[in-house]
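Working notes, structure below.
Numbering (the working numbering), first residue to last: -5 to 239.
Following this line, the structure appears as structure tokens:
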């Protein structure tokens, strides 16, 4: 097996390098540690295929709400107001609402051609309620949009989202994002992270996110810190053979 830290580890460069060196000394069963740090490290790392988008969109929550609204595209502001006018409400959920979350994710995956993680993956996320939260947009008693969000460190991060086909005219995802942005701001987070944008791979989702303004940040990509070189070489060989077959 290997360890994987999406968008991490986070922290000072020297602290991350110390962590990796100490992990290697432990000589555990892990073959390597796959990392996606914000900045390049001086340690010897092996470049791997990128798992997460290299670019993300961040909002600076030190700005006042009015300033954040002013940064948005006019159409985004309009859609937020439309959802409010239509009576869309944003409510918090729990893992007990997983059936509704999975229904909305399945609808969105089929509609937009997204490849979903397994249901167990999302359930595992929601088993950490101290910093992983789920919210729904509700209309006339029915959930019409949803999102899973991470609240950790200085960032609130939008991880996964979905919406129903039958209520797309209500613009619920726009209001869901705006309410979570305000919530993150009011509870002291410094940034709101839309997690990933890619104009070529996900043009529709990227256009939706960019409508909220903010600034683009680019990561250094996915790298492997090798702990057991011989097994890592075998792992790489098997990956190549699988791609050929």
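Just so it is clear, CB atoms sit at the ideal spot from N, CA and C, and this is done for glycine as well.
Close beta carbons around residue i, own chain, < 7 Å, minus the five adjacent residues each side
| i | result |
| --- | --- |
| residue 219 | 14, 26, 27, 29, 37 and 39 |
| residue 170 | 84, 129, 131, 139 and 141 |
Residue i to residue j span [Cα, whole Å]
| i | j | result |
| --- | --- | --- |
| residue 67 | residue 202 | 10 Å |
| residue 165 | residue 74 | 7 Å |
| residue 112 | residue 230 | 25 Å |
| residue 80 | residue 132 | 11 Å |
| residue -5 | residue 233 | 14 Å |
| residue 63 | residue 206 | 8 Å |
| residue 54 | residue 60 | 13 Å |
| residue 95 | residue 154 | 10 Å |
| residue 90 | residue 126 | 14 Å |
| residue 240 | residue 20 | Residue 240 cannot be examined here, being either before or after the span of the chain that is shown, -5 to 239. |
Strand pairing of residue i, partner residues [DSSP]
| i | result |
| --- | --- |
| residue 151 | 144 and 187 |
| residue 128 | 87 and 142 |
| residue 218 | 28 and 40 |
| residue 212 | 49 |
| residue 156 | 140 |
| residue -2 | 28 |
beta-carbon residue i near the ligand FAD non-hydrogen atom, thresh 7 Å
| i | result |
| --- | --- |
| residue 84 | Among the ligands in the structure shown, none appear at all, so the ligand FAD cannot be discussed. |
Contact set for residue i: own chain, Cβ-Cβ below 6 Å, skip 5 residues either direction
| i | result |
| --- | --- |
| residue 87 | 128 and 130 |
| residue 85 | 130 and 132 |
| residue 208 | 51, 52 and 53 |
Sequence-distant residues of its chain with Cβ nearer than 8 Å to residue i (five each side left out)
| i | result |
| --- | --- |
| residue 109 | 103 |
Cβ of residue i within 8 Å of any chain B Cβ
| i | result |
| --- | --- |
| residue 30 | Absent from the structure is chain B; it holds one protein chain and no more. |
Starting from the N-terminal side, write out each stretch of the beta strand (DSSP E) that is 3 residues or longer and does not extend beyond the region 28 to 87.
Within the region 28 to 87, the complete beta strand (DSSP E) runs of at least 3 residues are 49 to 54 and 83 to 87.
Does the pairing of the region 39 to 57 with the region 181 to 196 give three or more beta-carbon distances under 8 Å?
Touching, yes, given that three or more Cβ pairs across the two stretches are closer than 8 Å.
Taking 8 Å as the threshold, find out whether the region 174 to 188 comes into contact with the region 140 to 147 through three or more Cβ pairs.
With the rule of 3 Cβ pairs closer than 8 Å, the region 174 to 188 counts as touching the region 140 to 147.
Between the region 103 to 123 and the region 172 to 181, are three or more C-beta pairs nearer than 8 Å?
Taking a contact to require three or more Cβ pairs closer than 8 Å, the region 103 to 123 and the region 172 to 181 do not qualify as touching.
Quick check: the region 86 to 105 against the region 197 to 212, are there 3 or more CB pairs under 8 Å?
Of all C-beta pairs linking the region 86 to 105 to the region 197 to 212, fewer than three are shorter than 8 Å, placing the two stretches out of contact.
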